[in-house]
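**Student:** Take this structure first; my questions come after.
In our numbering, the protein residues as written are 1 to 201.
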């Protein structure tokens with residue numbers, strides 16, 4: 001049953017607002033670029049720019065494949081960053097209730113028509129630039145939503161699937177419009193994904 005925590009980072013965590021080839025450089029997440037597929041997000045709204053995410057197909061193959069599938073189908077186009085908490089993370093990907101121009105009051109409670117995904121936990125820590133799969137209280141409920149970390153949050157380690165890390169455009173992520181902390185990061189007139197594409201290597 002869908003509830004207020006549906007595919008969102010747990011409220012308790014939200015309240016804390018305060019093996020790749022050596023040839024590839026590491027970013028702020030401390031994870032080396034795999035040289036594999038990239039999820040490219042063109043951001044629009046108050047913030048404009050491009051964000052490139054290296055998908056960890058070795059650590060989270062099912063989750064990475066899901067993001068690529070939805071991007072290739074155009075499902076992420078015009079989807080808002082519905083929940084953005086300064087100093088914590090920016091969440092997007094609700095392809096059901098998060099479309100720009102529509103009623104986004106339920107954004108964060110939906111997902112795609114595809115089945116929920118099993119947890120794919122790894123030893124990668126939630127550092128700045130890490131991309132995780134959002135979920136409800138059930139670890140095996142991730143579907144389409146994901147979040148990008150502004151800062152380290154090790155309390156999320158082993159609780160959420162790490163699906164990728166930002167290799168370009170973290171400066172754009174930092175500028176994404178923030179939400180109201182008193183409303184758990186809900187954003188009025190949010191920034192959004194203009195277009196999501198996949199660059200296969």
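Yeah, the Cβ is synthetic: ideal placement off N, Cα and C, and Gly gets one too.
Quick caveat: nothing in here was measured; it's all calculated off a predicted structure.
Return the first residue and the last residue of the alpha helix (DSSP H) that residue 135 is part of.
**Tutor:** Element bounds for residue 135: n/a, residue is neither H nor E.
**Student:** At which residues does the alpha helix (DSSP H) containing residue 174 begin and terminate?
**Tutor:** 170-175
**Student:** At what residues does the alpha helix (DSSP H) containing residue 68 begin and finish?
**Tutor:** 61-72
**Student:** Could you have a look at residue 114 and say whether DSSP puts it in helix, strand or coil?
**Tutor:** coil
**Student:** Quick test of your reading: residue 193 and residue 77, contact by CB under 8 angstroms. State the CB separation rounded to the nearest angstrom.
**Tutor:** 7 angstroms
**Student:** In terms of DSSP beta bridges, what is residue 180 paired with?
**Tutor:** 186
**Student:** Under 8 angstroms, do residue 105 and residue 75 count as touching if we go by C-beta distance?
**Tutor:** The answer is no: Cβ separation not under 8 angstroms.
**Student:** Using the three-state DSSP reduction, which class does residue 82 fall into: helix, strand or coil?
**Tutor:** coil
**Student:** Apply the 10 Å Cβ neighbour rule to residue 190 and answer buried if 16 or more other Cβ atoms are within range, or exposed otherwise.
**Tutor:** By the 10 Å Cβ count, residue 190 comes out buried.
**Student:** Residue 163 and residue 64 - do their beta-carbons sit closer together than 8 angstroms?
**Tutor:** yes
**Student:** How many Å lie between residue 32 and residue 130 at the Cα?
**Tutor:** Near 12 angstroms, if we compare the C-alpha coordinates of residue 130 and residue 32.
**Student:** Give me the Cβ distance between residue 79 and residue 93, rounded to the nearest whole Å; I'm assuming they're in contact under 8 angstroms.
**Tutor:** 6 angstroms
**Student:** Tell me the residue span of the beta strand (DSSP E) that contains residue 31.
**Tutor:** Neither: residue 31 is in no beta strand (DSSP E) and is coded neither H nor E.
**Student:** Around the C-beta of residue 61, are 16 or more other C-beta atoms found within 10 angstroms, so that it is buried, or is it exposed?
**Tutor:** Exposed is the call here.
**Student:** With 16 other CB atoms within 10 Å as the buried threshold, where does residue 118 fall?
**Tutor:** exposed
**Student:** Ordered along the chain, which non-local residues of its own chain (more than five positions away) have a Cβ less than 7 angstroms from that of residue 49?
**Tutor:** 43, 169, 172
**Student:** DSSP three-state call for residue 156: helix, strand or coil?
**Tutor:** helix
**Student:** For the beta strand (DSSP E) holding residue 196, just list the boundary residues, first then last.
**Tutor:** 192-199
**Student:** Do the CB positions of residue 96 and residue 110 come within less than 8 angstroms of each other?
**Tutor:** Yes, the Cβ-Cβ distance between residue 96 and residue 110 is below 8 angstroms.
**Student:** Is residue 95 helix, strand or coil when you go by DSSP?
**Tutor:** coil
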